[in-house]
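>
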Amino acid sequence: MNDKRHYRFALISDIHIDRENGGKNIYFIYAERNLRRALRVIKSRGCDFIVSAGDQVTNASGADEEWRLYRSIIDSSGYTGRIYEALGNHETRSAEYGINTLGECISDFISCTRLDDKAVIRKADKPYYIMTEPVFGDVFIFMALENGVSTNSIDNFSDEQTDDTEAAVERYTAQNRRIFIIQHANIYAYGAGDDASSPAYEGALRIADKDGRVFKNNLRFKNLIEKYREIIWLSGHTHVDLADNLNYSDNGSRSCHMLHIPALCGATRVISDGSGGHKLDRGFYDSSSQGYIVDVYSDRTVFTGIDFISDTLLSEYTYIINKKK
Ligand SMILES: [Fe+2]
Ligand SMILES: [Fe+2]
């Protein structure tokens, strides 16, 4: 075991800044407070950067005010490192209601996340991009749910994004680089973030529609993570609490490593639906705000759960992923 840490980052998801109707209908009531607290904790714990796995904003009635608030919380936090965000389903939600177009939502995401060409490799106007850790060369592929908010009933990725992702994974695997994929939505009845044998969450990405018609690029994504099992795929979306013990899976070594990140705005719990299945308890609790502190070494990546409210590492939720030599 080599014990000199290469770098440390904070891993969060589902911040959900919420200013619906100018703040009259706030659903994610702790979002703003929890982001402020998390940034304080992340700064004090010496993280080199932050990865945020999507749903930074809620966007039920347009996201302008939410993006402004998001930026102002970060800018006034004292945290000066970079934040790399993935595009989740909520970033494009107002397009579903005809308030904005999909293109407007995507361009807001690109401008408000402020990642310029020096920080990432991105094609013009695309919400997906690649970041390379500058010292050790680990690769972070940020995918985007670019086709809209209805995650469970569409093909979520363009041909171009899927082609680019496959090519990048092939190229960096050949170079024996460590690869993280940040892709917001879990796959229904599969992997981390929910009970795969009895899912509680209907909003997950599907491989086929109700009539069995395959969503081609969703399937290509699933095939990719089954072919390249050294990938570490980081998702959010179900918001599930670390205490539910559903946040890591590799499908019994039949897929890549899949790690789910609980919602920073307050985690959900998987509970019984009273008829043999599961549902999500979406109640908000003052003390719930979780993520991970991630320590990267030459031979392993260590994800340690963290409670941002009490600033406590949750060592019982530690996931160690060894790197193949
Ligand atoms: Fe979310
Ligand atoms: Fe989501």
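For the sequence shown, the positions run 39 to 363 when my numbering is used.
Just so you know, even glycine gets a beta-carbon here, dropped at the ideal spot from N, CA and C.
(1) Could you tell me whether any non-hydrogen atom of ligand 2 is closer than 7 Å to the CB of Asp-93?
(2) Can you list, in chain order, the stretches of the beta strand (DSSP E) that have 3 or more residues and sit fully within the region 54–114?
(3) Quick check on Val-278: does DSSP put it in helix, strand or coil?
(4) At a threshold of 7 Å, does Asn-274 count as lining ligand 1 (C-beta to nearest heavy atom)?
(5) Would you check if there are 3 or more beta carbon pairs closer than 8 Å linking the region 177–197 to the region 236–248?
(6) Can you give me the Cβ contacts of Tyr-65 inside the same chain, cut-off strictly under 6 Å, excluding the 5 residues immediately before and after it?
(7) Give me, in chain order, the residues of the same chain whose beta-carbon lies closer than 7 Å to that of Phe-47; leave out the 5 immediate sequence neighbours on both sides.
(8) Could you pull the start and end residues of the beta strand (DSSP E) that Glu-123 belongs to?
(9) State buried or exposed for Tyr-135, treating a residue as buried only when at least 16 other CB atoms are found within 10 Å of its CB.
(10) Is there at least one non-hydrogen atom of ligand 1 closer than 7 Å to the beta-carbon of Asp-56?
(11) Along the chain, where does the beta strand (DSSP E) that runs through Gly-27 open and close?
(12) Helix or strand or just coil, what does DSSP make of Val-173?
(13) Counting pairs of Cβ atoms below 8 Å between the region 89–105 and the region 117–136, do you hit three or more?
(14) Could you check the C-alpha separation between Glu-264 and Gly-290 for me, to the nearest Å?
(15) Return the Cβ separation of Met-169 and Tyr-122 in integer angstroms, given the expectation that the two are a contact with Cβ distance under 8 Å.
(16) Exposed or buried, which one is Val-308 when buried takes at least 16 other CB atoms within 10 Å?
(17) Is Ala-230 closer than 8 Å to Ser-273 when the C-beta atoms are compared?
(18) For Gln-213, does the count of other Cβ atoms within 10 angstroms reach 16, so buried, or fall short, so exposed?
(19) Who are Thr-397's beta bridge partners in DSSP?
(20) Could you check where the alpha helix (DSSP H) with Val-187 kicks off and where it finishes?
(21) Taking only runs that begin and end inside the region 126–183, name each unbroken beta strand (DSSP E) of 3 or more residues, in chain order.
(22) Less than 8 Å between the CB atoms is what I'm expecting for Glu-58 and Ala-101, so what's the real figure, rounded?
(23) For Tyr-330, does the three-state DSSP call read helix, strand or coil?
(24) Taking Cβ to Cβ, would you say Tyr-323 is nearer than 8 Å to Gly-304?
(25) In terms of DSSP beta bridges, what is Lys-317 paired with?
(26) Count the other CB atoms, across all protein chains shown, that sit within 10 Å of the CB of Arg-83; report buried if there are 16 or more and exposed otherwise.
(27) Check whether the Cβ atoms of Arg-120 and Ala-76 sit closer than 8 Å, and answer yes or no.
(28) Less than 7 Å between the CB of Ala-182 and some heavy atom of ligand 1, yes or no?
(29) So which of Asp-319, Phe-253, Phe-346 has the shortest CA-CA distance to Thr-276?
(30) Which residue from Glu-184, Glu-208, Arg-209, Val-207 puts its Cα closest to that of Asp-197?
So, from the data block:
(1) Position 55 of the sequence shown, counting from 1, holds the residue named residue 93. Answer for Asp-93: yes, Cβ within range of ligand 2.
(2) 87–90
(3) As a working mapping, residue 278 is identified with position 240 in the sequence shown. Strand, per DSSP.
(4) Indexing the sequence shown from 1 puts residue 274 at position 236. Reading off the sequence shown, one finds Gly at residue 274, where the question assumed Asn. At least one heavy atom of ligand 1 is nearer than 7 Å to the Cβ of Gly-274, so yes.
(5) yes
(6) In the sequence shown, the residue the question calls residue 65 occupies position 27. Taken in chain order, the residues that qualify are Asp-56.
(7) As a first step, residue 47 is located in the sequence shown; it is residue number 9 there, counting from the start. Cβ neighbours of Phe-47 beyond the five flanking positions: Cys-85, Asp-86, Phe-87, Ile-88, Val-89, Val-332.
(8) Counting from 1 along the sequence shown, the entry for residue 123 is found at position 85. Segment 120–123, the beta strand (DSSP E) holding Glu-123.
(9) Here residue 135 is taken as the residue at index 97 of the sequence shown, counted from 1. It counts as exposed.
(10) Here residue 56 corresponds to residue number 18 of the sequence shown, with the count starting at 1. For ligand 1, not one heavy atom lies less than 7 Å from the Cβ of Asp-56.
(11) The requested residue 27 does not occur in the structure, where the chain is confined to residues 39 to 363.
(12) Locating residue 173 in the sequence shown gives position 135, counting from the first residue. Three-state result, Val-173: coil.
(13) yes
(14) Locating residue 264 in the sequence shown gives position 226, where the first residue counts as 1. Locating residue 290 in the sequence shown gives position 252, where the first residue counts as 1. Those two C-alpha atoms are separated by around 11 Å.
(15) Numbered from 1 along the sequence shown, position 131 holds the residue referred to as residue 169. Numbered from 1 along the sequence shown, position 84 holds the residue referred to as residue 122. Contact flag correct, Cβ pair sits at about 5 Å.
(16) The residue given as residue 308 occupies position 270 in the sequence shown. By the 10 Å Cβ count, Val-308 comes out buried.
(17) The sequence position of residue 273 within the sequence shown is 235, counting from 1. The sequence position of residue 230 within the sequence shown is 192, counting from 1. Going by C-beta atoms, Ser-273 is nearer than 8 Å to Ala-230.
(18) For the purposes of this step, residue 213 is identified with residue 175 of the sequence shown, where counting begins at 1. It is exposed - the Cβ of Gln-213 has fewer than 16 other Cβ atoms within 10 Å.
(19) What the structure shows of the chain is the stretch from 39 to 363, and residue 397 is not part of that stretch, so it cannot be assessed.
(20) Position 149 of the sequence shown, counting from 1, holds the residue named residue 187. Looking at the DSSP string, Val-187 is not in any alpha helix (DSSP H), and its letter there is neither H nor E.
(21) 167–170, 177–180
(22) Here residue 58 is taken as the residue at index 20 of the sequence shown, counted from 1. Here residue 101 is taken as the residue at index 63 of the sequence shown, counted from 1. That pair is no contact at about 10 Å.
(23) Here the question's residue 330 lines up with position 292 in the sequence shown. Tyr-330 falls in the strand class under three-state DSSP.
(24) Residue numbering aside, residue 323 sits at position 285 when the sequence shown is read from its first letter. Residue numbering aside, residue 304 sits at position 266 when the sequence shown is read from its first letter. In contact: Tyr-323 and Gly-304 (Cβ atoms closer than 8 Å).
(25) Walking along the sequence shown from the start, residue 317 turns up at place 279. Bridge partners of Lys-317: Ile-309.
(26) Numbered from its first residue, the sequence shown carries residue 83 at position 45. Per the 10 Å Cβ criterion, exposed.
(27) On the sequence shown, position 82 is the one that residue 120 refers to. On the sequence shown, position 38 is the one that residue 76 refers to. No; because the gap between Cβ atoms is not below 8 Å, this pair is not in contact.
(28) Looking up residue 182 in the sequence shown gives position 144. It does not: the Cβ of Ala-182 is nowhere closer than 7 Å to a heavy atom of ligand 1.
(29) Within the sequence shown, numbered from 1, the residue matching residue 276 stands at position 238. Minimum Cα distance to Thr-276 is reached at Asp-319.
(30) Working through the sequence shown from its first residue, we reach residue 197 at position 159. For Asp-197, the nearest C-alpha among the options comes from Glu-184.
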